[in-house]
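Down below is the structure, laid out as structure tokens.
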Amino acid sequence: MTDQGRLDRLTSMMRRRGIVLPSFEIYGGVSGLIDYGPVGARIKRRVVESWVDHWTSQGDVVEIDSPSITPKEVLVASGHVGEFNDHMSECRSCEGVFRSDHLIDEKHPNPDSLSGSEIDEVISGNDVTCPNCGENDWSPARPMNLMFPTTIGAMRSGREAYMRPETAQGMFMLYPSLFRHFKQKLPFGALQTGRGYRNEISPRQGMIRLREFNMAELEYFIDPEDPPVGDLSRWGSPVELLSDPEGEHPGIHNITFSDALNSGIVRHPTVAWFLARTWEFLVNVGIDSTKIRFRQHTGTEMAHYASDCWDCEIFGEYGWVECVGIANRTCHDLESHEEHSGTNLLRGWRQYPDPVLVKRDVLSPNGSVIGPIFKSKSSAVSEALSQLEGIPDEMPFELGLEDGTSVQITSEMVNRRNEEVNVHGEWFTPHVVEPAFGIDRIIWHIIDHAFDESGKEGEEYTILSLDESVTPYDISILPLFDKDGMDQIARSIASEINSIPGIRADLDTSRSIGRRYARADEIGVPWAITVDHSSLEDNTVTIRRRDDQMQIRVPIDVAIDSLRMGTLNGLF
RNA sequence: GCGGACAUGGUCUAGUGGUUAUGACAGCAGGUUCCCAACCUGCUAACCCGGGUUCAACUCCCGGUGUUCGCACCA
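In my numbering, the protein residues as written are 5 to 576.
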């Protein structure tokens with residue numbers, strides 16, 4: 005943590021200037037919910053757009069968009085209903101509340117797997133005392149799910165559902181469509197940005213822990229036997245990696261991504277690629293590269309779905325904060341959804357380099373004999389015959405059926421046949437590498453890192469030195485005086501600039517010019533055009549650069565064209 | 001969720017059981033000013049919500065909500 009004053013000034017500024025404010029404030033506010041105001045919403049839009057661009061520019065990643073409301077079955081399969089569901093036990097003596105599984109960690113090999121009543125049995129059978137007051141007087145364990153429950157449809161026929169705790173399930177639901185879209189070839193990825201909902205017990209720290217928050221997640225589907233290996237040599241500078249203290253390379257490493265992979269600190273090549281691309285994104289939107297580090301999860305803190313996980317942490321006013329999680333979710337989700345839904349569409353096809361000729365003996369059922377004998381059971385008999393591994397040498401033999409019963413098969417019922425087939429490939433469940441971004445946390449740190457109070461000529465002065473890709477406005481248009489024709493020129497410049505797609509100008513006409521520069525600097529507007537008396541005579545304006553307050557004079561059309569082309573810096 | 005502290009214009013704040021509830025900054029209108037929060041005049045704008053005590057509550061009490069600190073929690 006750094007000095008408290010700066011955090012207060014920063015959050016005050018963000019309220020005052022309409023960046024981020026508490027929601028529903030006239031009704032007292034709700035903790036864990038925030039609004040982006042007129043300035044903040046533009047910053048957020050640009051951060052999200054940069055993020056989507058960053059990943060879709062890879063060419064094998066597409067954007068999708070799916071509902072927040074998610075039927076319960078989906079979240080049962082994903083594990084969120086079960087695992088996401090911590091039990092809490094309350095001490096009747098001191099009213100302390102504790103996670104039940106933590107209380108019985110040492111009394112039971114796998115406390116996570118227990119139901120509420122089983123937990124209570126373990127607690128009462130083991131003389132578990134309250135860590136706070138030492139008493140042993142527990143109320144029954146209560147499940148405390150962090151998801152917001154809701155109902156789809158009205159009345160009793162409604163279907164149980166939850167607000168999604170992550171956007172990732174949307175990508176898994178759409179896997180069959182994505183597989184077709186990518187011509188049935190891995191690897192490919194899909195991403196979406198949107199809201200996620202977690203009913204946090206006690207959200208604190210402003211926009212760091214929210215109950216409704218903006219996520220941006222990418223699911224990258226790969227063949228685990230042929231994981232894509234990106235070119236990591238593009239990133240030459242070392243990055244801070246804190247590897248698993250229980251792993252093979254414990255400790256802090258200052259190392260390039262490429263060396264981290266080669267030395268085995270990062271275990272998976274595709275994960276390494278996403279670490280590097282994540283770092284690149286963060287730096288591109290203005291995160292200070294010296295305040296980024298990656299931390300590998302230990303086995304015990306890993307989410308239920310992940311087999312390997314790195315957090316990207318960013319340092320700011322709240323210390324090191326996890327802003328991105330990069331997880332190798334393996335085949336967990338797709339496999340579980342296949343099982344729960346009964347579909348077989350969540351697979352990838354692995355083509356063999358050369359077809360493999362497979363010879364095998366099969367017993368093909370003779371329907372005209374089997375039918376009359378087994379009647380309603382006959383289709384089960386045929387099915388069992390086709391599943392048979394290893395053909396019995398002697399007839400008759402006992403054939404086990406799926407329902408547990410068995411039947412006598414005689415030689416008249418089957419034809420022994422020698423089958424030869426060319427096998428061209430095989431189905432498998434793809435693995436998933438997932439970078440999951442907390443957009444609100446990233447926006448916080450972008451603004452934190454840009455918030456520069458170093459002052460100007462000894463006076464207090466703040467500049468929000470945002471990267472140009474995420475500023476709320478691209479430029480301010482300032483008539484030196486709001487009269488004498490300067491107002492007219494300023495208005496027409498503003499409207500011409502605003503007609504350029506994706507570029508926004510802010511026209512500010514009130515109070516002194518210095519005050520207006522200060523207002524623009526405070527919210528990070530990188531450029532200002534000032535219309536003055538000379539503009540009336542020769543159609544020139546001055547362009548002011550936020551970061552050094554330098555000014556140059558150019559013709560109006562040069563200013564606008566350079567803004568359009570993004571080449572204003574070249575004029576200085 | 002527990003315990004403590006706190007809650008006054010947009011922001012930061014002063015203060016009182018009873019008169020018109022401070023001040024600064026920001027904002028608005030006008031004046032002035034030929035480029036970096038200047039100055040002058042005027043203006044807008046607040047006691048978190050609900051109960052209770054009291055002749056009278058922004059002030060005291062209780063509850064709620066929010067903020068914050070510590071504990072717990074953070075998949």
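Glycine included, every Cβ here is placed at the ideal spot set by N, Cα and C. Values in this document were obtained by computation on a predicted structure and should not be read as measured data.
{"Query": "Are there 16 or more other CB atoms within 10 angstroms of the CB of residue 241, so buried, or fewer, so exposed?", "Result": "exposed"}
{"Query": "In whole angstroms, give me the CA-to-CA distance for residue 31 and residue 39.", "Result": "14 Å"}
{"Query": "What three-state label does DSSP hand residue 487 in the structure shown?", "Result": "coil"}
{"Query": "I need the boundaries of the beta strand (DSSP E) containing residue 36, first residue and last residue.", "Result": "Element bounds for residue 36: n/a, residue is neither H nor E."}
{"Query": "Between residue 6 and residue 455, what straight-line distance do the alpha-carbon atoms span, to the nearest angstrom?", "Result": "With a pLDDT of 45 at residue 6, under the threshold of 50, the modelled position of that residue is not reliable, and the figure given next carries that caveat. So the alpha carbons of these two residues sit roughly 13 Å apart."}
{"Query": "Excluding the 5 residues preceding and the 5 following residue 360 in the sequence, name in chain order all residues of the same chain whose CB lies nearer than 6 Å to its CB.", "Result": "427"}
{"Query": "Please classify residue 363: does DSSP put it in a helix, a strand, or coil?", "Result": "strand"}
{"Query": "Just the C-alpha distance for residue 47 and residue 195, rounded to the nearest angstrom, thanks.", "Result": "20 Å"}
{"Query": "Residue 480 bridges to which residues according to DSSP?", "Result": "510, 532"}
{"Query": "Pull up the CB-CB distance for residue 478 and residue 507, whole angstroms please, since I reckon it's below 8 Å.", "Result": "5 Å"}
{"Query": "Could you tell me the alpha carbon to alpha carbon distance between residue 179 and residue 434, rounded to whole angstroms?", "Result": "10 Å"}
{"Query": "What is the DSSP secondary structure of residue 167, counted as helix, strand or coil?", "Result": "strand"}
{"Query": "So, at 7 Å on beta carbons, what are the nonlocal neighbours of residue 572 in its own chain, with the 5 sequence-adjacent residues on each side left out?", "Result": "531, 547, 566"}
{"Query": "How far does the beta strand (DSSP E) with residue 444 in it reach, from first residue to last?", "Result": "Where residue 444 is concerned, there is no enclosing beta strand (DSSP E), although the alpha helix (DSSP H) it sits in stretches over 443-454."}
{"Query": "Which whole-angstrom value is the C-beta distance of residue 564 and residue 500, which I expect to be below 8 Å?", "Result": "6 Å"}
{"Query": "Please classify residue 338 as buried or exposed, where buried requires at least 16 neighbouring CB atoms within 10 angstroms.", "Result": "buried"}
{"Query": "Classify residue 374: buried if its beta carbon has 16 or more other beta carbons within 10 angstroms, exposed otherwise.", "Result": "buried"}
{"Query": "Going by DSSP, which residues form a beta bridge with residue 460?", "Result": "463"}
{"Query": "Please determine if the stretch 240-258 and the stretch 206-220 are in contact, where contact requires at least 3 C-beta pairs separated by less than 8 Å.", "Result": "no"}
{"Query": "For residue 275, I'd like the list of residues in its chain whose CB is within less than 8 Å of its CB, leaving aside the five on either flank, ordered along the chain.", "Result": "312, 314, 330, 332, 437"}
{"Query": "Apart from the five residues on each side of it in sequence, which residues of its chain come closer than 7 Å, Cβ to Cβ, to residue 289?", "Result": "51, 54, 450, 471, 473, 474"}
{"Query": "Give me the Cα-Cα distance between residue 25 and residue 552, rounded to the nearest whole angstrom.", "Result": "30 Å"}
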